[in-house]
Amino acid sequence: MLKVLITLPNSIAGALIMKGFRQGFKSNGCFVMEKDLRELSVEDIKRFKPDIIIGYDYGFLFCDNEELKDFILKNKDNYKLIHYFADEPKGKYACVNKPHLYEEFKKLNLLSFMWDKNFVKDLPNCHYLPLAVNSKAYRLNDDIENAPIYEISFVGRPLTEKRQKILAALIKKFGRKVNIFSYEKHFLQSLDDMKEKQFLSEKELDIYKSAYKGFLTTENDLAKVYANSLVNINITLQGKSGLNYRVFEVLASRGFLLTDDMEDISRNFIVSKELETYKNVDDLLDKTEFYLKNPEIAQKIATIGYADVLKSHSYTARVRKIIELIKKENSD
């Protein structure tokens, strides 16, 4: 039985992804220990004696515990070090003010997996592995019939000009039908940005303020919103072709998804049958209006998308590919 140490990053999205891998390794018969990277110690590793240590993005290289980092590197022949990237390897989300990590990581030649096919070539010994979802985590355990119904929902940081222009366009066309869920500080920052960039008039800014519905803390909270939204909007920030985590968690919640058209969509899903895509802002507005008027079509798409996620996009299947690759490397 393989013993796997999952290290959790200081990132909500990253932690959700690593918890998904935890479930995937367990489903593949592995014995798993999960530990926040900020709390992990040398003694933890000595006691557990893992066969695999897996981290998010640059993983242990990002920790401030030099003793821990040195120990992992000095003993790296005793276990397999694996890194899963769901952020651009040279980007600010992966490096977080430590751009030297990219060159440092390349020199180590560690096994890594990339959510976006276009970045695989940026790192040695890197392989394409799209994101997935632990559908059980998004299985609704509350009665949702009495939950509020949202017409248009956006979950995520309402930051960057790309997202703010799209959100402004939605407010202008659909007004109070738009609902935004994010950290309060991120929403307030977006409000300041909207004012400064003059994306919205004073009247529209008041409507934008009313769109804020708070922060969703658990997968069950997320699932209730996704399942009860007529249209869930996704706006991808990173990558060139890859699908972000939102795609999988909306579908796992039986929600209807309208997401930007990325190359990997057609590799993994059937557009207009399992989810819907938009090519630009005008296309987004037109399709949002269409599905608001035809919720039965949206719900049919959501149901088929949910079935496909269960069948083809589990962490169990993704981890199986990781284990198969490790076995192949060990036998070569």
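Residue numbering for the sequence shown follows the working numbering, starting at 2 and increasing by one per position.
C-beta atoms are modelled at their ideal positions from N, C-alpha and C, and glycine is treated no differently.
Here the structure is a predicted model, which means the values were calculated and not measured.
Problem set entry | Opposing strand residues paired with C127 [DSSP bridges] | C127 pairs with S113.
Problem set entry | Beta-bridge pairing of I54 - partner residues as DSSP gives them | For I54, which the question treats as bridged, DSSP gives the partners L6 and L82.
Exercise. Using a Cβ-Cβ cut-off of 7 Å (strictly less than) and excluding sequence neighbours within five positions of V226, which residues of its own chain qualify?
Worked result: Result list for V226: Y151, S154, V156, F182 and L217, in chain order.
Exercise. Could you give the uninterrupted runs of the alpha helix (DSSP H) lying entirely in the segment 211–246, keeping only those of 4 residues or more?
Worked result: Qualifying alpha helix (DSSP H) stretches, in chain order: 220–228.
For this session: Check the DSSP bridge columns for L102 and list the partner residues they point to.
Result: According to DSSP, which records beta bridges pairwise, L102 is partnered with nothing at all.
Exercise. How many Å lie between N357 and T317 at the Cα?
Worked result: Since the first and last residues shown for the chain are 2 and 333, residue 357 lies out of range.
Exercise. In or out: P90 buried (at least 16 other Cβ within 10 Å) or exposed?
Worked result: That one is buried.
For this session: Measure the C-alpha to C-alpha separation of F257 and I236 and round it to an integer number of angstroms.
Result: Approximately 14 Å, taken between the alpha carbons.
Problem set entry | Beta carbon of Y292 nearer than 8 Å to that of L259 | Yes, these two residues count as a Cβ contact at 8 Å.
Exercise. Out of N180, I167 and L160, which has the shortest C-alpha to C-alpha gap to D193?
Worked result: The shortest Cα separation from D193 among N180, I167 and L160 belongs to L160.
Exercise. Where D45 and D37 are concerned, what is the direct C-alpha to C-alpha distance, given to the nearest angstrom?
Worked result: Spanning the two alpha carbons is a distance of roughly 11 Å.
For this session: Figure out for me which residue from E290, A16, L244 and E275 has the closest Cα to the Cα of K301.
Result: Answer by Cα proximity: E275.
For this session: Drop a sphere of 10 angstroms on the beta-carbon of V251, count the other beta-carbons inside from all chains shown, and report buried for 16 or more, exposed for fewer.
Result: Classification for V251: buried.
Exercise. If we call anything under 8 Å between Cβ atoms a contact, is A16 one with L6?
Worked result: It is not a contact, given that the beta carbons lie outside the stated cut-off.
Exercise. Buried or exposed: P51, going by 16 or more other Cβ atoms within 10 Å of its Cβ?
Worked result: When all chains shown are included, P51 counts as buried.
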